[in-house]
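Participant:
Protein chains in written order, with the working numbering: chain H, 1 to 239; chain Y, 1001 to 1287.
#1: Counting pairs of beta carbons, one from the segment 1129-1146 of chain Y and one from the segment 1176-1190 of chain Y, are three or more of them closer than 8 Å?
#2: What three-state label does DSSP hand residue 1220(Y) in the structure shown?
#3: What residues from chain H crowd round residue 1195(Y), counting only those whose CB sits closer than 8 Å?
#4: Name the residues in the segment 115-133 of chain H whose C-beta lies less than 7 Å from a C-beta of chain Y; which are they?
#5: So, are the CB atoms of residue 1082(Y) and residue 1216(Y) less than 8 Å apart?
#6: Determine, using beta-carbon pairs with one atom in the segment 54-74 of chain H and one in the segment 1148-1165 of chain Y, whether at least three such pairs fall under 8 Å.
#7: Between residue 45(H) and residue 161(H), how many whole angstroms is the CB-CB distance? I'm expecting something under 8 Å.
#8: Using a C-beta cutoff of 8 Å, does residue 1183(Y) count as contacting chain H?
#9: The alpha helix (DSSP H) with residue 15(H) in it runs from where to where?
#10: For the candidate residues 193(H), 29(H) and 140(H), whose alpha-carbon lies nearest to that of residue 170(H)?
#11: Can you name the residues of chain H whose CB is closer than 8 Å to the CB of residue 1187(Y)?
#12: Are the segment 40-60 of chain H and the segment 102-110 of chain H in contact at 8 Å, needing three or more beta carbon pairs?
#13: Is residue 949(Y) near residue 1158(Y), with beta carbons less than 8 Å apart?
#14: Hey, could you find the ends of the beta strand (DSSP E) residue 219(H) is sitting in?
#15: By alpha-carbon positions, which one of 200(H), 149(H) and 150(H) ends up nearest to residue 173(H)?
#16: Could one say the Cβ of residue 78(H) lies closer than 8 Å to chain Y's Cβ atoms, at least one of them?
#17: Quick check on residue 131(H): does DSSP put it in helix, strand or coil?
#18: Tell whether a beta-carbon distance below 8 Å holds between residue 22(H) and residue 2(H).
#19: Just the C-alpha distance for residue 1134(Y) and residue 1127(Y), rounded to the nearest angstrom, thanks.
#20: Taking only beta-carbon positions, decide if residue 51(H) is within less than 8 Å of chain A.
#21: When the distance is taken between beta carbons, is residue 31(H) closer than 8 Å to residue 233(H)?
#22: Going by CA-CA distance only, name the one from 198(H), 42(H), 11(H) and 18(H) that's closest to residue 159(H).
#23: Does the beta-carbon of residue 1018(Y) have 16 or more other beta-carbons within 10 angstroms, so that it is buried, or is it exposed?
#24: Run through chain Y and tell me which residues come within less than 9 Å of residue 82(H), C-beta to C-beta.
#25: Taking the Cβ atom as the reference point for each residue, do residue 124(H) and residue 144(H) lie within a distance shorter than 8 Å?
#26: Taking 7 Å as the cut-off, is the beta-carbon of residue 1108(Y) closer than that to any non-hydrogen atom of the ligand ATP?
#27: Note down, in chain order, every chain Y residue with its Cβ under 7 Å from the Cβ of residue 98(H).
#28: What is the DSSP secondary structure of residue 161(H), counted as helix, strand or coil?
#29: I think residue 237(H) touches residue 177(H), with their Cβ atoms under 8 Å apart; what is that distance to the nearest whole Å?
#30: Could you list which residues in chain Y have their beta carbon closer than 9 Å to that of residue 182(H), in chain order?
#31: For a contact meaning CB atoms closer than 8 Å, what does residue 1190(Y) contact in chain H?
#32: Expressed to the nearest angstrom, what Euclidean distance is found between the alpha-carbon atoms of residue 203(H) and residue 181(H)?
#33: Pull up the CB-CB distance for residue 1176(Y) and residue 80(H), whole angstroms please, since I reckon it's below 8 Å.
#34: Beta-carbon within less than 7 Å of residue 1200(Y)'s beta-carbon, same chain only, minus the 5 sequence neighbours each way: which residues are those?
#35: Just to confirm, is the Cβ distance from residue 1226(Y) to residue 1045(Y) under 8 Å?
#36: Classify residue 1052(Y) as helix, strand or coil using the three-state DSSP reduction.
Printed below as a string of structure tokens:
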């Protein structure tokens, strides 16, 4: 599903987190929002997910206006920075949460929930951890469980906030590959936020460089490297 | 690694033995003198005339009325303050709004105001000499020197316990898990009952137990508001005082012992719950 962002702005009190920005995300693309902290990238992601609402501007999902759509109705799979797994539930229950939260008519049967959760555990290559609690998992495992939980609701898009932020370099490399594979297999439009230019360049089809609440440049990694549009992009991507 | 484990254990303390024993001894003496001795005294004094005395004291109508009054007040005040405290903590920990600092100060007010002053405040507000009080009495609604007054005084004094216990826990846990539940399609209520509440249940339990202990033990505010009318508005703590002032020491200490046992019972309940859910507690704790 393609995502259109039209003249989106966000103010928190008197501070402007986002100047009017426009962006077009083609269906099935893997997009990186790249920028330093305070650049507005997380705000933009949270607006897409329905966790914040813009001061002005519009968001369109597949051509339909979704600006005022509630967070529950967006069906956006969201992976949080520190994963936000439900610590009092097992991995199985974490992944099943979104299915159980559905209204009775649309809720799958218990057997069907079990099948789906197990299929997702296979997809993240952790088939045997269903009975464990989040604090019994490594950082990398938690991240993959968070991804499975987001995928369980059959989302229309995937949104990830610094998905590799809290991990060491080796695990980071593996999980990058994992995200790429899952993206390619599901074909979901995916947007992830990162401050790591290497990560953005290596993983994304399309990189959106942001600074001070503005979009500095949008392009394929190679284009951005070859022709940085502004001084900021040049210095930031050279780092 | 194994050679480290095999090496002789190094003592963690460097103090000479006499200093260590002196410090431990001091702690034991302190605990015995200030915690155990009073508790033992209460039970010893209650049993000064044997079980007969205890039974006789407990069959006094005034004592029974006081026990009934205290249990009724706690049964109403504790659930109400659990709900109020939960609502206040939730608002403070999960939302940003104007006047938040003021609200936190307001929640602490009952801790900083002397209970006697709190009781007096209620008497001045609802007593016969105030406009509101006169109107209430004219319409046959008695607040002061009656059950509603005691309830209001207890609610006021015990308000901070649940909120105080919950606010730091809820702030530490942040909003991410709730937000995750919302993105997964859960409604606000479902998020509250399946994510927020399970995460704070232990803090909530401690808050409720503390609140309960204070609700049953409150003296100052209740003494002022209730007027201490025997058999009608006397609670256990105020009745203990009245018995004692009348040199009915067995009755006073028996009632005090019942109060102490109620407190010990709540502690036992807490330990029991902790012991039964020890594995779950360990699994869900972050650190």
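C-beta atoms are modelled at their ideal positions from N, C-alpha and C, and glycine is treated no differently.
Just so we're clear, the structure is a prediction, and the values are computed from it rather than from any experiment.
Facilitator: On the basis of the supplied data:
#1: no
#2: helix
#3: 86
#4: 133
#5: no
#6: no
#7: 6 Å
#8: yes
#9: No alpha helix (DSSP H) holds residue 15(H); the beta strand (DSSP E) holding it covers 15-25.
#10: 140(H)
#11: 72 and 101
#12: no
#13: Nothing about residue 949(Y) can be read from this structure; chain Y reaches only from 1001 to 1287.
#14: 214-219
#15: 200(H)
#16: yes
#17: coil
#18: no
#19: 7 Å
#20: The structure shown has no chain A; the protein chains it does contain are H and Y.
#21: no
#22: 42(H)
#23: exposed
#24: 1174 and 1176
#25: yes
#26: This structure lacks the ligand ATP; in fact it carries no ligand of any kind.
#27: 1184 and 1185
#28: strand
#29: Not confirmed; about 22 Å, so no contact.
#30: Simply none; closest approach about 18 Å.
#31: 101
#32: 11 Å
#33: 5 Å
#34: 1166, 1169 and 1170
#35: no
#36: helix
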